Ligand SMILES: Nc1ncnc2c1ncn2[C@@H]1O[C@H](COP(=O)(O)OP(=O)(O)OP(=O)(O)O)[C@@H](O)[C@H]1O
Ligand SMILES: [Mg+2]
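Residue numbers (our numbering), protein chains in the order written: chain A, 1 to 442; chain B, 1 to 269.
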């Protein structure tokens, strides 16, 4: 009984561990990391809410920024009202985001789900674009170009002044939301959502109103997206029209698919990976978005199940896996991947320096020609063989290692697949599978 | 004639795709409890007729009544809720859900759990028991947890029939339930259909006359979108006009009653 979207057996234990870490660790982290973790929580919830629509209902939205943004603005309005004296508990602020997301999601979803496939995606895109172009001109609702700002007000002895307090507030809401999203998958309506993705026509002939069902799924997805937006508003104490941008809509698509839309927690993994990576490297490079795009393309090409898909695949076969034999090839593949990445990064960074404004100035000052440039703490000659030979060599060496490892890994997995489930892989088929491809180097 | 209206009644039902008429004024009355077959050559409009009755296509003309009440113009889910369920000629299941889940989705509908959001379905005893019962009925217990997409062709056909039963409808439409099956599989399917439609009204498209003979009370012959004759299987197979229109030639003794076996493998997925 393992439909694609359902947590595996081991999940509760793993989740308890993750939750314990999320509760216990942050006080010992520096402020920057605490902030990054708040963003991880928000992006994770957003991706899971989005995946309710994409992974479970099979409806790919390109405009989910709309509901994230609506949640943020609604929450800021409520925060301003609280500032003006409204008695509303600060910890419950995300309810405003939930309500606004649900309401706007229901209306937008009603129209978007009248169409399916590409047309559905385009309508969602258009709706988000509508908000994006409307917001800067709508002073009262979205605060014009500058957006809205407010302050978190103390409540019941809690000041909500520190990042840590905001973090725990977010953690509480994200935990609750994720639990609800997970519980959803086990309700009749949650099962119907999966059926809808598989075969909308049959759903109709079994007596379900497919359109109404899709509107509700859409609205619920928008509601939890609104909660994520609300948490962002609470954390930043400000929001402007850029929340509605295609950049935000694309971000959640990227997170979800790199994380793996067929596994319940996959999208959260993707969101966590990208957000933490963003935190770590965005200061070091200006090409972060290029890397993000590259990772996305590579994952789609070579591991379309995403991170979550890979993890689930290994968990599912954990009994048959012989790690003593897999570890070597995996390490080799990892090393190869690192070399390829190093080569790519070297080249991309060099190019971004060479085509950057700084280098143009350098050239002018040097009176034309191609003066050496600085990257990775060293001087490089733009026309030097080493400058391009080194990354190329790294890249090719990495590819070679990956190709080698891949053969061994494929053979090992072949033996896992052919071995009867439930007992460790036998020696026989493995030996024959390994001996087959050994000659031709690639 | 009894006082109660027929379970299903078609009055001048017509359908054209663009300028091409496919169903040209079909009149048919099926009393409650009858098992009724529709036979006819390929392209005669049998599936189209089913699509009209079940609400997939709007009618171009005429009326369809379920227990005396018009269902013309209703969307498929409303027709299903009025008590009419159908299977498809080309298997139409939830490939990435388990076999059990495929059946449970329909059972949920019968229990009105269309927007059930507040309890896990695993704890709904009645729903799970009913799904199990249908699973047993179509003899797929051994495959309960497998993905429906992984079933063999004839298992998928059995599931297709099972899903049609889940919503508790008492008028059942089966479109070529035995197409593409071997002799034994067909025999088993016939037993299955007999069993699961006991006490219900059945309308089925069937090419195999031996199936029609063993299962059905009456037969309608559809040719070019029109009903040529409606009668008992015995009288239909002896009907000269039917033989001529259907076969385009005199029947010889050896071909027996197996006319219209030209459906070939067109229903294979
Ligand atoms: N959606 C559609 N649009 C246009 N033409 C259609 C459509 N559906 C069916 N037809 C045409 O209507 C005619 C009748 O098709 P139908 O599927 O009802 O035949 P059938 O009697 O079920 O045949 P078979 O025994 O092959 O299943 C065919 O000529 C077919 O091409
Ligand atoms: Mg047909």
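Note that CB positions come from ideal geometry on N, CA and C, so glycine has one too.
Note that the structure is predicted; figures quoted are calculated from it, not measured.
Should residue 312 of chain A be counted as a contact of ligand 2 given a C-beta to heavy atom distance under 7 Å?
-> Locating residue 312 of chain A in the first chain gives position 312, where the first residue counts as 1. No - ligand 2 has no heavy atom lying nearer than 7 Å to the Cβ of residue 312 of chain A.
In angstroms, rounded to a whole number, what distance separates the CA positions of residue 211 of chain A and residue 400 of chain A?
-> Within the first chain, numbered from 1, the residue matching residue 211 of chain A stands at position 211. Within the first chain, numbered from 1, the residue matching residue 400 of chain A stands at position 400. Distance between the alpha carbons of residue 211 of chain A and residue 400 of chain A: 51 Å.
Test: residue 121 of chain B CB closer than 8 Å to a CB of chain A = Taking the first residue of the second chain as 1, we reach residue 121 of chain B at position 121. By this cut-off, residue 121 of chain B is an interface position.
For residue 48 of chain B, verify whether its CB is less than 7 Å away from any heavy atom of ligand 1.
-> In the second chain, counting from the first residue as 1, residue 48 of chain B sits at position 48. Checking every heavy atom of ligand 1 against the Cβ of residue 48 of chain B, one is found closer than 7 Å.
Assess, as a yes-or-no matter, whether the segment 71-91 of chain A is touched by the segment 223-235 of chain A under the definition of 3 or more beta carbon pairs within less than 8 Å.
-> yes
Write down every uninterrupted run of the beta strand (DSSP E) in the segment 251-328 of chain A whose length is 3 residues or greater and which is fully enclosed by it, in chain order.
-> none
Residue from A:45, A:38, A:63 with nearest C-alpha to residue 225 of chain A = Within the first chain, the letter at position 225 stands for residue 225 of chain A. Checked all of A:45, A:38, A:63; the closest Cα to residue 225 of chain A is A:45.
Would you check whether ligand 2 has a heavy atom nearer than 7 Å to the C-beta of residue 206 of chain B?
-> Here the question's residue 206 of chain B lines up with position 206 in the second chain. Because no heavy atom of ligand 2 lies under 7 Å away, the Cβ of residue 206 of chain B does not count as near it: no.
Grab me the residues of residue 254 of chain A's own chain with a C-beta within less than 6 Å of its C-beta, minus the 5 sequence neighbours each way, in chain order.
-> Position 254 of the first chain, counted from the first residue, corresponds to residue 254 of chain A. Cβ within range, chain order: 296.
Residue 177 of chain A (DSSP reduced to helix, strand or coil) | Mapped onto the first chain, residue 177 of chain A falls at position 177. Three-state result, residue 177 of chain A: helix.
Would a check of beta-carbon distances place residue 94 of chain B closer than 8 Å to chain A?
-> Here residue 94 of chain B corresponds to residue number 94 of the second chain, with the count starting at 1. Output row for residue 94 of chain B: interface = yes.
Do we get a CB-CB distance below 8 Å when we pair residue 58 of chain B with the residues of chain A?
-> Indexing the second chain from 1 puts residue 58 of chain B at position 58. With 8 Å as the cut-off, residue 58 of chain B does not count as an interface residue toward chain A.
Where residue 178 of chain B falls: helix, strand or coil (DSSP) = By 1-based counting over the second chain, the position of residue 178 of chain B is 178. Residue 178 of chain B falls in the coil class under three-state DSSP.
Chain A contact residues for residue 114 of chain B, given Cβ-Cβ distances below 9 Å | Against the second chain, residue 114 of chain B aligns to sequence position 114. 188, 189, 192, 207, 208, 209, 212, 213, listed in chain order.
For chain A, is any of its Cβ atoms less than 8 Å away from the one on residue 105 of chain B?
-> As a first step, residue 105 of chain B must be located in the second chain, where it is residue number 105. By this cut-off, residue 105 of chain B is an interface position.
Closer than 7 Å by C-beta to residue 337 of chain A: which residues in its own chain qualify, once you throw out the five before and the five after it? Chain order, please.
-> Here residue 337 of chain A corresponds to residue number 337 of the first chain, with the count starting at 1. Once the five neighbours on either side are set aside, the close Cβ partners of residue 337 of chain A are 398, 402.
Member of B:126, B:169, B:223, B:102 whose CA lies at the smallest distance from the CA of residue 151 of chain B | By 1-based counting over the second chain, the position of residue 151 of chain B is 151. Cα-wise, what sits closest to residue 151 of chain B is B:102.
Residue 341 of chain A, DSSP secondary structure in three states | For the purposes of this step, residue 341 of chain A is taken as the residue at position 341 of the first chain. Reduced to three states, the DSSP call for residue 341 of chain A is helix.
Using a threshold of 7 Å, is the CB atom of residue 102 of chain B nearer than that to any non-hydrogen atom of ligand 1?
-> Taking the second chain and counting its residues from 1, the one referred to as residue 102 of chain B is at position 102. No, since every heavy atom of ligand 1 falls outside the 7 Å radius drawn around the Cβ of residue 102 of chain B.
Where the segment 38-50 of chain B meets chain A: residues whose CB sits under 9 Å from a CB there | none
In or out: residue 193 of chain A buried (at least 16 other Cβ within 10 Å) or exposed?
-> Counted from its first residue, the first chain places residue 193 of chain A at position 193. Counting Cβ neighbours within 10 Å, residue 193 of chain A comes out buried, since at least 16 surround it.
On a CA-only basis, which of B:185, B:146, B:197 is nearest residue 162 of chain B? Give me that one, please.
-> For the purposes of this step, residue 162 of chain B is taken as the residue at position 162 of the second chain. Of the candidates B:185, B:146, B:197, the one whose C-alpha sits nearest the C-alpha of residue 162 of chain B is B:197.
Same chain, Cβ closer than 6 Å to residue 202 of chain B, five either side skipped, listed in chain order = In the second chain, counting from the first residue as 1, residue 202 of chain B sits at position 202. Taken in chain order, the residues that qualify are 35, 172.
Distance, Cα to Cα, residue 77 of chain B vs residue 159 of chain B?
-> Your numbering for residue 77 of chain B matches position 77 in the second chain. Your numbering for residue 159 of chain B matches position 159 in the second chain. Taking the straight line joining both Cα atoms gives about 20 Å.
Determine the burial state of residue 391 of chain A: buried for a count of at least 16 other Cβ atoms within 10 Å of its Cβ, exposed for fewer.
-> Counting from 1 along the first chain, the entry for residue 391 of chain A is found at position 391. Classification for residue 391 of chain A: buried.
Whose C-alpha, out of B:61, B:97, B:182, B:127, is nearest the C-alpha of residue 145 of chain B?
-> Your numbering for residue 145 of chain B matches position 145 in the second chain. Out of B:61, B:97, B:182, B:127, B:97 has the C-alpha closest to the C-alpha of residue 145 of chain B.
Rounded C-alpha distance that separates residue 182 of chain A from residue 55 of chain A = In the first chain, residue 182 of chain A corresponds to position 182, counting from 1. In the first chain, residue 55 of chain A corresponds to position 55, counting from 1. Spanning the two alpha carbons is a distance of roughly 13 Å.
Where are the alpha helix (DSSP H) runs, 4 residues long or more, that stay fully inside the segment 78-155 of chain A, in chain order?
-> 94-112, 118-134, 139-142
For residue 42 of chain B, is the beta carbon positioned less than 7 Å from some heavy atom of ligand 1?
-> Locating residue 42 of chain B in the second chain gives position 42, where the first residue counts as 1. Because some heavy atom of ligand 1 lies under 7 Å away, the Cβ of residue 42 of chain B counts as near it: yes.
Within this structure, are the beta carbons of residue 149 of chain A and residue 90 of chain A separated by less than 8 Å?
-> For the purposes of this step, residue 149 of chain A is identified with residue 149 of the first chain, where counting begins at 1. For the purposes of this step, residue 90 of chain A is identified with residue 90 of the first chain, where counting begins at 1. Against a cut-off of 8 Å, the Cβ pair of residue 90 of chain A and residue 149 of chain A comes out as no contact.
For a contact meaning CB atoms closer than 9 Å, what does residue 201 of chain A contact in chain B?
-> Working through the first chain from its first residue, we reach residue 201 of chain A at position 201. Within 9 Å Cβ-Cβ: 56, 76, 88, 92.
Check whether the Cβ of residue 12 of chain A lies closer than 8 Å to any Cβ atom in chain B.
-> Start at 1 with the first residue of the first chain, and residue 12 of chain A comes out as number 12. No, no contact with chain B.
Just list the beta strand (DSSP E) runs in the segment 192-248 of chain B, keeping only unbroken ones of 3 residues or longer that don't cross its boundaries, in chain order.
-> 201-205, 218-223, 226-231
Where in the segment 345-415 of chain A do unbroken runs of the beta strand (DSSP E), each at least 3 residues long, occur, reported from the N-terminal end onward?
-> 373-375, 378-380
Is the CB-CB distance between residue 240 of chain B and residue 230 of chain B below 8 Å?
-> Taking the second chain and counting its residues from 1, the one referred to as residue 240 of chain B is at position 240. Taking the second chain and counting its residues from 1, the one referred to as residue 230 of chain B is at position 230. Contact flag unset, no.
So what does DSSP say about residue 171 of chain B, is it helix, strand or coil?
-> To locate residue 171 of chain B, count along the second chain from 1; it is residue 171. Note: residue 171 of chain B maps to strand in three-state DSSP.
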